[in-house]
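Count along the sequence shown from 1, add 4, and you get the number used in our numbering.
All residues carry an ideal CB built from backbone N, CA and C; glycine is no exception.
Since this is a predicted model, take the numbers as computed values, not measurements.
Before any comments, here is the structure.
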Amino acid sequence: MLLVLVGLIAVVAATGAWIYRDIPASELERQYATEPSKFITVDGVRFHYRDEGQGPVVVLIHANWANMLDWEPWVAALKDDYRVIRFDMTGFGLTGPDPTGDYSVSRTVELLHDLTLALGLESFTLTGASLGGTIGMHYSVAHPGRVERLVLVSPGALNPGVRGRTTPAGLPRRVDLLTIYTPRAIPRAILEGAFGDPTRVSEALVTRWHDFMLREGNRAAQIARQRQYISGDIDDLISRIEVPVFIMVGQLNKQVPVALADELVTLLVASPKVDLTVYPTAGHQLVQEIGPKTALDMRQYLDSWKTVN
């Protein structure tokens, strides 16, 4: 009986590993790398990006677990008067893993800088969602002359679980099972837990997130990023941001309570202008949950600077 049980467990494990095996990059590129997708190799990384529209430049950095295609409502709202550039960070979407295995904040900021140089950008409005916002904060301080404005969507830098850490938060080894067994229920749970209204999570969004999780190398890369993440003295970093900042946050954000956005405003002592918009019915994933509304607010924000200038 024991041998039969062991055999059944082995069959189940093998079946799960086959069903949730890595999807070849070429297969996903045929499906998702449609016009106007492009690829460019920067410092050994083959970035998937899109560059659309003409005018003042806006660079979009997606959130953890997300991908650049989530920004579609924003691009639609901006590209008639702005040049909008978005990309998949290493370990996400179609970009895939970093050959160096380095997913630290410093490496991510360095890659962002090298990518903007490769695309010929001199100055731009930098927008980041969640983790992307943290990257944007670091970049703004490291390269202040290149960032005109900083837009933070659901910024999570002050989350108590990571704030001020000088060593990475420990992840149990069982998390590594996700590299071989990642059912569709995983991205669904992440999305539903991060929406103010879970019924807004569409099947198409779950499918896209799941597909990109299964892209060859992405799952191991995403876990490595979590294990390498160090926020450092984020309070001091925020106090040194010298550009105008626009913050968007959902009132129903369970990951990063809206009170932290108020605290973020008080920490931005060097910024000449700070704007904050709170969305009463939305959660953490604002771009995915209420993309058209946040896109409209972004458009109005950018247009207001045209009037000022």
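- Scanning its chain for C-beta atoms nearer than 6 Å, with the 5 sequence neighbours on each side dropped, one finds around leucine 195 the residues Val205, in chain order.
- Beta-bridge analysis with DSSP links glutamate 56 to Val88.
- With a threshold of 16 other beta carbon atoms within 10 Å, glutamate 207 falls short and is exposed.
- Looking only at Val88, Ile238, Lys277 and Asp301, the smallest Cα-Cα distance to threonine 170 is reached by Ile238.
- Less than 8 Å separates the beta-carbon of histidine 288 from that of serine 158.
- Between the beta-carbon of threonine 99 and that of valine 61 there is about 20 Å, and that puts the pair past the 8 Å contact cut.
- Separation of leucine 135 and threonine 311 (C-alpha to C-alpha, rounded to the nearest whole angstrom) is 31 Å.
- Methionine 252 is bridged by DSSP to Val157 and Thr281.
- If the five residues before and after glutamine 226 are omitted, its C-beta is found closer than 6 Å to the C-beta atoms of Gly95, all from its own chain and listed in chain order.
- About 7 Å separates the beta carbon of isoleucine 251 from that of valine 269, a gap short enough to meet the 8 Å contact definition.
- Counting along the chain, phenylalanine 216 sits inside the alpha helix (DSSP H) bounded by residues 207-217.
- Between tyrosine 143 and valine 151 the beta-carbon gap is near 7 Å, inside 8 Å, which marks them as a contact.
- Pairing asparagine 71 with glutamine 255, the inter-Cα distance amounts to about 23 Å.
- Beta-bridge annotation (DSSP): glycine 132 is paired with Ile65 and Leu156.
- Within the same chain, and ignoring the five residues on either side of serine 243 in sequence, the residues whose Cβ sits closer than 8 Å to its Cβ are Leu271, Leu272, Val273 and Ala274.
- Annotation: aspartate 84 to glutamine 35 spans about 26 Å, alpha carbon to alpha carbon.
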